[in-house]
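S.K.: First, the structure itself, so that you have it in front of you.
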Amino acid sequence: MQKHENQREWRQKALAAIILTALAAGAARADDLPALGDGDDSWRVDVIYENATHYRGKDDTGHEVGLSKFRNTLQVELDKKLASDWDFHAILRGTFDGVYRLNDDEFGRKAGSRRASDLQFENTVSKSGGIVTTVPWGGGLGANGGPWNQATAPFGYPGGNELVQAIYNGGATVGVMPPGLVANTAFVNGSAFSVQSGVGLRMLGDRWHGPDGGVAIAVPVRPCDSDKRGCRDFGGYGDKDRSELEAPEFNDRLDFIREAYVKKTFNIGDDTSFFLKLGRQQVVWGRTDLFRVLDVINPVDYSRNNIYDELQDIRIPMWIAQGEFRFGSSELMQDRNLSFIWNFDKFRPNNLGQCGTANVMLDAGCFFRGMASLWDNGGTVANFAHLSDGSATLAEIGMGMPIGTLPRDMWLATNFGPGQIGIRKVHLPSWSLSNTQFGVKFEGVTQGGLNFSVNALTYRSQLPSLHAFNNAQNPFVASQKGGSSHLIAFDMHFPRVNLIGGSMDFQSETLGAAFRLEGAFTKGEEFVNTARPKLYSENKVFRSVIGIDRPTFIPFISESRTTLISAQLFYQHIFDHEEHRGPLGKYGMPDWKDNFIGTLLIKAMLMNDRLSPQLVMARDFKAHAWAVAPQVEWSLSDNLKLTLGANIKDRSNDDRWAWNDCRDCNPYPPYTAYDEHTGPGPLGLSGLEPVGRFRAGPIGAAWREDEAYFYLRYKF
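The following block contains the structure:
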């Protein structure tokens with residue numbers, strides 16, 4: 000097996016080297032490239048090399064992360080005139096990120112825990128002075144004999160596994176374990192699993208928050224050729240070996256082809272023409288930066304640098320046919336265009352980043368991988384089993400203890416077997432005509448100079464939705480709640496979404512500023528919702544943004560050149576939002592009903608435009624999280640540019656990120672029979688994991704990822 004994996008890695012690296020060498024050779028001898036058709040035989044070729052080096056400070060564990068990116072990129076841009084007035088354009092890009100070898104303790108084959116005791120899972124006693132204790136990996140409720148016997152250690156109760164027996168077996172004979180269990184196994188509700196290795200794991204979310212009373216799990220973080228646990232194809236990420244993470248463009252989707260299309264304008268007559276663009280491309284509908292409203296035709300690769308790279312560098316190009324009727328002017332309009340786009344490529348979602356890499360958007364890739372590993376292998380879950388009055392009394396009777404010996408309200412770390420909780424399947428839409436995406440846009444310019452567009456698009460959601468399912472595999476389920484369990488056991492889906500919207504921009508001479516407005520209404524998006532039986536709901540959403548760009552003289556920056564000030568305010572409203580209050584807290588949809596995110600860019604051009612300092616600030620108003628990114632670009636020549644910058648983030652009042660996690664939805668008595676639960680819906684038992692990430696947002700969930708970076712870019 001190792002030999003086979005080494006051969007595969009060698010072939011991938013050899014292919015990457017051959018392609019990059021060919022690209023460079025082609026750039027050096029552009030005149031030797033073959034002619035296509037009878038057009039101009041000359042090629043216009045640009046070759047760009049870039050090194051991006053990032054260094055990250057301490058995460059929330061107090062550990063210095065160190066080198067987080069050492070990415071080397073070679074990009075070749077090709078243009079050629081073809082026969083019959085066709086034009087050809089291509090961008091080929093290959094990267095190699097050395098961080099997986101240079102810092103393999105954090106992101107490579109040595110990442111994660113060295114031993115099971117490195118991982119600690121909470122047991123919380125909430126009504127006895129707020130006591131919090133921990134057990135190691137494999138040591139939760141349900142641990143059976145041998146080195147994994149930690150069930151009694153956190154509480155100091157005599158009898159060891161007798162406590163487990165009393166809770167699970169309903170007071171059955173103390174000391175008699177269910178048949179079929181052997182040493183170094185654990186069980187929940189009579190289902191056994193072999194305790195997996197405690198090596199190569201991290202606690203979910205430990206980089207950005209500490210223990211919080213939520214559903215903490217262990218997450219594999221090594222590349223999938225070193226540790227296959229939890230490795231699934233979540234849509235182009237999640238199952239990658241080290242070599243695939245190092246050189247991500249060289250894959251079966253041919254991502255090294257950033258763009259490759261032909262285009263031509265056909266004259267129809269009467270000032271009307273038809274423009275056709277066919278091939279792999281980016282279609283840009285939006286007028287905004289950083290966050291997207293209308294610009295949703297291409298998915299985005301957030302694994303490259305989260306939300307902080309330019310969209311043109313992180314959009315994932317797709318095979319698209321784009322046609323545009325250009326009608327010219329009229330009495331009311333300076334220009335009018337009607338365009339159609341057909342994305343006929345196989346579906347592709349956003350790349351949210353594989354767990355164990357430096358950029359994992361919302362930390363979602365780690366949640367997905369951890370949950371997939373739980374379903375496949377079983378594992379320990381913090382704070383899961385609830386020992387209430389009834390189950391505590393049952394345990395005391397089964398162990399011969401006086402009534403009242405055990406705390407009456409505590410949550411115990413619990414061991415689960417395979418096929419009980421986690422992510423079972425990923426339903427990636429296969430290629431079919433019904434799964435392709437189609438859009439239409441009308442845009443024009445009024446005689447008064449107002450640019451506007453009206454847009455409509457039907458597409459597959461680029462973000463996943465988790466659907467809880469009836470987990471009838473558990474032997475205890477059949478007798479509870481009609482034989483159904485919606486207990487954090489999911490399948491992943493990508494629903495169809497319909498969008499209508501529009502945009503406009505105009506100049507105000509009075510204010511000396513340009514205004515950009517954009518809005519979109521969608522139907523079909525799905526959100527986490529613990530008030531619903533399947534733990535999700537479909538909701539209509541409205542998003543909008545207003546942007547203002549104003550060149551302004553700021554004397555202390557420059558007395559001869561204006562400084563660009565650009566501000567944007569994003570707004571999102573979720574219709575039919577659900578938020579309820581239970582005895583222990585709120586439950587329903589963790590996403591904010593109304594949210595605002597503001598950004599501010601201040602950019603100057605100095606030294607004959609050779610030096611460009613800038614400052615970007617962003618604030619998520621509901622999450623109470625913010626980011627500041629100072630940067631300086633220095634063009635030493637027309638071909639060489641250096642960039643030095645940093646990305647600093649912080650937050651306040653992160654307790655507001657906690658949300659109901661549906662531990663109080665589960666149907667397994669007696670240890671989850673909540674005495675307080677007298678009405679419908681969950682109690683509102685909450686923690687940061689797993690859904691607090693949706694309240695924290697992309698800035699809050701990355702608040703401990705402060706980085707300094709250096710870029711070198713050379714154009715040959």
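Per numbering that gives the first Met the number 0, the sequence shown runs over residues 0 to 715. Every residue gets a Cβ at the ideal spot worked out from N, C-alpha and C, and that includes glycine.
1. Does S83 come out as helix, strand or coil in the three-state DSSP assignment?
2. Ends of the alpha helix (DSSP H) at Q419?
3. CB-CB under 8 Å to T271, same chain, minus the five flanking residues each way: which ones, in chain order?
4. Assign Y236 to one of three DSSP states: helix, strand, or coil.
5. Considering only the beta carbon of each residue, do V292 and E517 sit closer than 8 Å?
6. According to DSSP, is W374 helix, strand or coil?
7. When you compare the CB positions of V220 and G111, do they come within less than 8 Å of one another, or not?
8. Cα separation between A24 and E76?
9. What span of residues does the beta strand (DSSP E) with E525 cover, start to end?
10. Helix, strand or coil for P401? Go by DSSP, reduced to three states.
11. Would you check if the distance between the CB atom of G438 and the CB atom of I296 is smaller than 8 Å?
12. Are there 16 or more other CB atoms within 10 angstroms of the CB of W430, so buried, or fewer, so exposed?
13. For R560 and G204, what's the separation of their Cα atoms in angstroms?
14. Below 8 Å, can you find three or more Cβ-Cβ pairs linking the stretch 261–271 to the stretch 435–452?
15. Compute the Euclidean distance between the alpha carbons of T94 and R257, then round it to the nearest angstrom.
16. Does the stretch 346–366 come into contact with the stretch 689–702, if we say contact requires no fewer than three beta-carbon pairs (one atom in each stretch) closer than 8 Å?
17. Distance check for A603 and S611, CA to CA, integer angstroms please.
18. Give me the Cα-Cα distance between K714 and K79, rounded to the nearest whole angstrom.
19. Rounding to the nearest angstrom, what Cα-Cα distance links F339 and P494 in this structure?
20. Straight-line CA distance for A512 to L711?
21. Just how far apart, CA to CA, sit E706 and A617?
22. Determine whether the beta carbon atoms of G138 and T413 lie at a separation below 8 Å.
23. Can you list, in chain order, the residues of its chain whose CB lies under 6 Å from that of F620, leaving out five sequence neighbours each side?
24. Please report the residue range of the beta strand (DSSP E) in which I487 lies.
25. Would you call G696 buried or exposed, if buried means 16 or more other Cβ atoms sit within 10 Å of its Cβ?
26. Compute the Euclidean distance between the alpha carbons of D575 and E248, then round it to the nearest angstrom.
27. With C-beta atoms as the reference, is A519 less than 8 Å away from R549?
28. Following the continuous alpha helix (DSSP H) through R692, name the residue where it begins and the one where it ends.
29. Would you kindly work out how many angstroms separate the C-alpha atoms of V218 and F451, rounded to a whole number?
30. For L337 versus F383, is the C-beta distance shorter than 8 Å?
31. Considering only residues of the same chain and omitting the five flanking positions on each side of W284, which have a CB-CB separation below 7 Å?
32. Which of helix, strand or coil does DSSP assign to A320?
33. Tell me, to the nearest whole angstrom, how far the beta carbon of G421 is from that of L373; I am working on the premise that it is less than 8 Å.
34. Going by the beta-carbon positions, is the gap between V540 and I487 smaller than 8 Å?
35. Let's test the definition: count the other Cβ atoms within 10 Å of the Cβ of R100 and tell me whether it reaches 16, buried, or not, exposed.
36. Report the CB separation of G597 from L568 in whole angstroms; it is logged as a contact under 8 Å.
M.R.: Taking the structure as given:
1. helix
2. Segment: none, Q419 is in no alpha helix (DSSP H) and carries neither H nor E.
3. F324, R325, F326 and G327
4. Looking at Y236 - three-state DSSP - the assignment turns out to be coil, as it is neither helix nor strand.
5. The answer is yes: Cβ separation under 8 Å.
6. helix
7. Taking 8 Å as the Cβ cut-off, V220 and G111 qualify as a contacting pair.
8. Its pLDDT being 44, under 50, A24 is placed unreliably in this model, and the value from its coordinates should be taken loosely. Taking the straight line joining both Cα atoms gives about 13 Å.
9. A512 to V527
10. coil
11. yes
12. exposed
13. 46 Å
14. With the cut-off at 8 Å, the stretch 261–271 and the stretch 435–452 do not touch.
15. 12 Å
16. yes
17. Their backbone Cα atoms lie some 6 Å apart in a straight line.
18. For K714 and K79, the gap between their C-alpha atoms comes out near 19 Å.
19. If I take the Cα positions, the gap works out to 22 Å.
20. 33 Å
21. 16 Å
22. no
23. F595
24. Run containing I487: none; DSSP gives neither H nor E here.
25. Taking a 10 Å sphere around the C-beta of G696, we find 16 or more other C-beta atoms and assign the residue as buried.
26. 41 Å
27. no
28. G691 to G699
29. 47 Å
30. Result no, Cβ atoms of L337 and F383 do not sit closer than 8 Å.
31. L293, D294, I296, K440 and N454
32. strand
33. Contact holds; Cβ gap of about 3 Å.
34. no
35. exposed
36. 5 Å
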